[in-house]
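Novice: Before I ask anything, here is the structure I am working with.
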Amino acid sequence: MRLLQALKRKIFKSSPKLEQKSGRGFLLFEHTSDVIRAETLLKEHGWQIRVMGPPPEVRTGCDLVIEFPLIEELNILRTLRQKGVHPLQVVPVNSPLLTPVDLFFKKDFGDYLMVRAANMKLTVHKLTLTIVNVSGGGCPDVPYLAKEMVGKHLSKSPAPRDIGHTLCAYALQLAYEEMKKQCLP
Amino acid sequence: MFAIVGTVPEESFPLSTGEVSLDKDKLCIQGRSVPVNRGTPALMAAAIKVCQIFNTEPPFGYLIGDIGLGFGSKKLYEYLIQNIPSQLKIITFHYLQPDVDWHNRILFALEECASRPILIADAGFMYMAKMSGEANAYDLFTPDVGELAFLADEKAPHPFYTRGFILQEENKVPDLITRAYFHQNAPRYLLVKGKTDYLASESGIIETVTKPATPALEAIGGTGDTLTGIASGLIASGLDIEKACIAAAKVNRLAGYYANPTPASQIIEIIQYIDKALKQVL
Numbered sequence: 001m002r003l004l005q006a007l008k009r010k011i012f013k014s015s016p017k018l019e020q021k022s023g024r025g026f027l028l029f030e031h032t033s034d035v036i037r038a039e040t041l042l043k044e045h046g047w048q049i050r051v052m053g054p055p056p057e058v059r060t061g062c063d064l065v066i067e068f069p070l071i072e073e074l075n076i077l078r079t080l081r082q083k084g085v086h087p088l089q090v091v092p093v094n095s096p097l098l099t100p101v102d103l104f105f106k107k108d109f110g111d112y113l114m115v116r117a118a119n120m121k122l123t124v125h126k127l128t129l130t131i132v133n134v135s136g137g138g139c140p141d142v143p144y145l146a147k148e149m150v151g152k153h154l155s156k157s158p159a160p161r162d163i164g165h166t167l168c169a170y171a172l173q174l175a176y177e178e179m180k181k182q183c184l185p
Numbered sequence: 186m187f188a189i190v191g192t193v194p195e196e197s198f199p200l201s202t203g204e205v206s207l208d209k210d211k212l213c214i215q216g217r218s219v220p221v222n223r224g225t226p227a228l229m230a231a232a233i234k235v236c237q238i239f240n241t242e243p244p245f246g247y248l249i250g251d252i253g254l255g256f257g258s259k260k261l262y263e264y265l266i267q268n269i270p271s272q273l274k275i276i277t278f279h280y281l282q283p284d285v286d287w288h289n290r291i292l293f294a295l296e297e298c299a300s301r302p303i304l305i306a307d308a309g310f311m312y313m314a315k316m317s318g319e320a321n322a323y324d325l326f327t328p329d330v331g332e333l334a335f336l337a338d339e340k341a342p343h344p345f346y347t348r349g350f351i352l353q354e355e356n357k358v359p360d361l362i363t364r365a366y367f368h369q370n371a372p373r374y375l376l377v378k379g380k381t382d383y384l385a386s387e388s389g390i391i392e393t394v395t396k397p398a399t400p401a402l403e404a405i406g407g408t409g410d411t412l413t414g415i416a417s418g419l420i421a422s423g424l425d426i427e428k429a430c431i432a433a434a435k436v437n438r439l440a441g442y443y444a445n446p447t448p449a450s451q452i453i454e455i456i457q458y459i460d461k462a463l464k465q466v467l
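These protein sequence lines map, in sequence, to chains Z and Y. Under this note's numbering, the first sequence has 94 at position 94, and the numbering climbs by one with no breaks. Under this note's numbering, the second sequence has 271 at position 86, and the numbering climbs by one with no breaks.
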């Protein structure tokens, strides 16, 4: 009897999750910068979406996808189209998607604070809040992001998500957000 | 012939090939110049310094502008496939847009060389090599701890997806090296840069370099690029890979120490001390 009840609990507990999983799809884009634009747009419109890593069968290199509730496909595509953002494909989720990194490492150098997210590091002068260095990463927009951000105040620097195009830019965005949490009121 | 392949952060910079040289803080190639602030120009600058000391031929550069959209990288891949020099002895791949298909085509094209060149990869091209399952076709990777964790994670296609249980901590480096080799996601040699620099192969850790210790270097963009450049330059100048990597780690640390940097220092300040450091180490 107890076994039956445990089984029942397990079934009732897991079925909504299963239902949720089978009802989700992902949007595939040509560039990570398109993913970043779409994410901003859809979040502004209040959609329940997540940025994830694609399954191996559609992976080409520096990839991100947007996971979304399939039932909202038409509305989501319309919202994107109206803003000129066009996904390459819409695919149902039938295998687990990769989860982006969510761990941060902080290093205090006294006058400077460094935050690392995945392979990207951002360093700020604590007193002036000037971004003094960007390091790590391997995608070609990293030197470009460094050029655009170093020397600027943390609150006035362009955000990596606005000017970057790759997963390294996305990782730097996470470090940048964490740094703002640490340093800005 | 010693070649270096990479990108510069200027979208309009055209595909440029030829011997590279330094003019103060600028890198020159095919009549064009680009500031040495980090990335491939920093790697090339460090390699040029080494070649000058050894009086060997300067590196042959393949450079193009790319700000992350991948258009420049694709043009460069296409060009390389058509124009791989048959006398190539060593080639270092660097900041390039990850694309597994192009990576594999380049590996095929390299098979056309008269003899197999020494293959070195860092940054985006190292990510591609691992992503495509071909890491063990290479002779040397130069990851930092975060990138090593990515190599150790057999499931991650990019450092951005390294799973949380694979701890990216300095004291875990030996375990990460073992794991990367176990899953065949590492090349013949790994030179891991960090608080301690590790040189490792499939048989285990060969040597570590810990001195001098200059913690500020970790924050400075380009210190990994100079390490790869120095190691590549030393190999191109005739040192075997093990000796070159150990010397490169020492030279990079010493040049950093001489520059007396803060976390706000820029890489060009360190590059200026490579000659002095190299003369002391060798």
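Virtual Cβ for every residue (Gly too), placed ideally from N, Cα, C.
Can you give me the C-alpha to C-alpha distance between Y:V330 and Y:N321, rounded to a whole angstrom?
Specialist: Reading the second sequence from its first residue, position 145 is the one you call residue 330 of chain Y. Reading the second sequence from its first residue, position 136 is the one you call residue 321 of chain Y. Taking the straight line joining both Cα atoms gives about 19 Å.
Novice: At the level of alpha carbons, what is the spacing between Z:L127 and Y:N268?
Specialist: If you number the first sequence from 1, residue 127 of chain Z lands on position 127. If you number the second sequence from 1, residue 268 of chain Y lands on position 83. So the alpha carbons of these two residues sit roughly 51 Å apart.
Novice: State the DSSP-derived secondary structure class of Z:L184, mapped to helix, strand or coil.
Specialist: Here residue 184 of chain Z corresponds to residue number 184 of the first sequence, with the count starting at 1. Coil, per DSSP.
Novice: My output table needs one value for Y:K259: the three-state DSSP class, helix, strand or coil.
Specialist: The count along the second sequence starts at 1 and reaches residue 259 of chain Y at position 74. Reduced to three states, the DSSP call for Y:K259 is helix.
Novice: Is the beta carbon of Y:S417 closer than 9 Å to that of Y:I275?
Specialist: By one-based count along the second sequence, residue 275 of chain Y stands at place 90. By one-based count along the second sequence, residue 417 of chain Y stands at place 232. For Y:I275 and Y:S417, yes; Cβs fall inside 9 Å.
Novice: So which residues of chain Y does Z:S135 contact, with C-beta pairs closer than 8 Å?
Specialist: Position 135 of the first sequence, counted from the first residue, corresponds to residue 135 of chain Z. Within chain Y, the residues near Z:S135 are R223, E403, A404, I405, G406, G407, T408 and G409.
Novice: For Z:D162, would you say it is in contact with chain Y, using Cβ-to-Cβ distances shorter than 9 Å as the test?
Specialist: Along the first sequence, one-based indexing puts residue 162 of chain Z at 162. Chain Y, which has no Cβ nearer than 9 Å to the Cβ of Z:D162, makes this no.
Novice: For the candidate residues Y:E195, Y:D324 and Y:F187, whose alpha-carbon lies nearest to that of Z:L145?
Specialist: Here residue 145 of chain Z refers to the residue found at position 145 when the first sequence is read from its first residue. Measuring from the Cα of Z:L145, the nearest candidate turns out to be Y:E195.
Novice: Considering only DSSP beta bridges, list what Y:C213 is partnered with.
Specialist: Working through the second sequence from its first residue, we reach residue 213 of chain Y at position 28. Bridge partners of Y:C213: Y:S206 and Y:S218.
Novice: Between Y:V193 and chain Z, is any beta-carbon pair separated by less than 9 Å?
Specialist: Sequence index remark: in the second sequence, residue 193 of chain Y carries index 8 (1-based). For Y:V193, the answer is yes, since a Cβ of chain Z falls inside 9 Å of its Cβ.
Novice: Take every Cβ of the stretch 85–97 of chain Z, pair it with every Cβ of the stretch 113–126 of chain Z, and state whether three or more of those distances are shorter than 8 Å.
Specialist: No, the stretch 85–97 of chain Z is not in contact with the stretch 113–126 of chain Z.
Novice: Do three or more CB pairs link the stretch 29–38 of chain Z to the stretch 77–87 of chain Z at distances below 8 Å?
Specialist: They touch, by the three-pair rule.
Novice: Answer with yes or no whether the minimum CB distance from Z:C168 to chain Y is below 9 Å.
Specialist: Mapped onto the first sequence, residue 168 of chain Z falls at position 168. Chain Y, which has a Cβ nearer than 9 Å to the Cβ of Z:C168, makes this yes.
Novice: Using a threshold of 9 Å, state whether the C-beta atoms of Y:L261 and Y:L281 are closer than that.
Specialist: Taking the second sequence and counting its residues from 1, one reaches residue 261 of chain Y at position 76. Taking the second sequence and counting its residues from 1, one reaches residue 281 of chain Y at position 96. Closer than 9 Å, so yes.
Novice: DSSP on Y:V466, reduced to helix/strand/coil?
Specialist: Looking up residue 466 of chain Y in the second sequence gives position 281. Y:V466 falls in the helix class under three-state DSSP.
Novice: When you compare the CB of Y:D210 with every CB in chain Z, is at least one pair closer than 9 Å?
Specialist: Residue mapping note: residue 210 of chain Y aligns to position 25 of the second sequence, counting from 1. No, Y:D210 lies away from the interface with chain Z (no Cβ there is under 9 Å from its Cβ).
Novice: Can you tell me whether Y:Q369 is buried or exposed, with buried defined as 16 or more other CB within 10 angstroms of its CB?
Specialist: Numbered from 1 along the second sequence, position 184 holds the residue referred to as residue 369 of chain Y. Counting Cβ neighbours within 10 Å, Y:Q369 comes out exposed, since fewer than 16 surround it.
Novice: Is it true that the CB of Z:G53 sits closer than 9 Å to the CB of Z:L103?
Specialist: One-based indexing of the first sequence puts residue 103 of chain Z at position 103. One-based indexing of the first sequence puts residue 53 of chain Z at position 53. No.
Novice: Entirely within the stretch 110–161 of chain Z and at least 4 residues each: give me those alpha helix (DSSP H) ranges in chain order.
Specialist: Whole alpha helix (DSSP H) segments, 4+ residues: 141–149.
Novice: Does DSSP classify Y:Q353 as helix, strand or coil?
Specialist: Numbered from its first residue, the second sequence carries residue 353 of chain Y at position 168. Coil.
Novice: When the distance is taken between beta carbons, is Y:L273 closer than 9 Å to Y:L295?
Specialist: Numbered from 1 along the second sequence, position 110 holds the residue referred to as residue 295 of chain Y. Numbered from 1 along the second sequence, position 88 holds the residue referred to as residue 273 of chain Y. In this structure, Y:L273 lies closer than 9 Å to Y:L295 by Cβ.
Novice: Please classify Z:E148 as buried or exposed, where buried requires at least 16 neighbouring CB atoms within 10 angstroms.
Specialist: In the first sequence, counting from the first residue as 1, residue 148 of chain Z sits at position 148. Buried, since its Cβ has 16 or more Cβ neighbours within 10 Å.
Novice: Using the beta-carbon of each residue, which ones in chain Y are nearer than 7 Å to Z:G138?
Specialist: Position 138 of the first sequence, counted from the start, is the residue given in the question as residue 138 of chain Z. The answer, in chain order, is Y280, A308, G309, M311 and Y312.
Novice: Taking all protein chains shown into account, do 16 or more other C-beta atoms lie within 10 angstroms of the C-beta of Z:Q48, making it buried, or fewer, making it exposed?
Specialist: As a working note, residue 48 of chain Z is residue 48 in the first sequence. Z:Q48 should be labelled exposed.
Novice: Going by C-alpha to C-alpha distance, which of Z:L42, Z:K180 and Z:R78 sits closest to Z:V124?
Specialist: In the first sequence, the residue the question calls residue 124 of chain Z occupies position 124. Among Z:L42, Z:K180 and Z:R78, the Cα nearest to that of Z:V124 belongs to Z:K180.
Novice: Taking beta-carbon pairs under 9 Å, can you tell me which members of the stretch 75–109 of chain Z lie near chain Y?
Specialist: If the cut-off is 9 Å between Cβ atoms, the stretch 75–109 of chain Z has L98, T99, P100, V101, D102, L103, F105, K107 and F109 near chain Y.
Novice: What span of residues does the beta strand (DSSP E) with Z:T40 cover, start to end?
Specialist: For the purposes of this step, residue 40 of chain Z is taken as the residue at position 40 of the first sequence. Segment T32 to E44 is the alpha helix (DSSP H) holding Z:T40; no beta strand (DSSP E) there.
Novice: With a threshold of 16 other CB atoms inside 10 Å of the CB of Y:L412, please say whether the residue is buried or exposed.
Specialist: For this step, residue 412 of chain Y is matched to residue 227 along the second sequence. Under this definition Y:L412 is a buried residue.
Novice: Is any beta-carbon of chain Y found at less than 9 Å from that of Z:H216?
Specialist: This structure gives no information on residue 216 of chain Z, because the portion of chain Z shown stretches from 1 to 185.
Novice: Reducing DSSP to helix, strand and coil, say where Y:Y443 ends up.
Specialist: Reading the second sequence from its first residue, position 258 is the one you call residue 443 of chain Y. Of the three classes helix, strand and coil, the one that applies to Y:Y443 here is helix, per DSSP.
Novice: Please determine, among Y:P400, Y:A432, Y:V436 and Y:A434, the residue with the shortest C-alpha to C-alpha distance to Y:A449.
Specialist: On the second sequence, residue 449 of chain Y is found 264 positions in, with the first residue counted as 1. When each option's Cα is compared against that of Y:A449, the closest is Y:P400.
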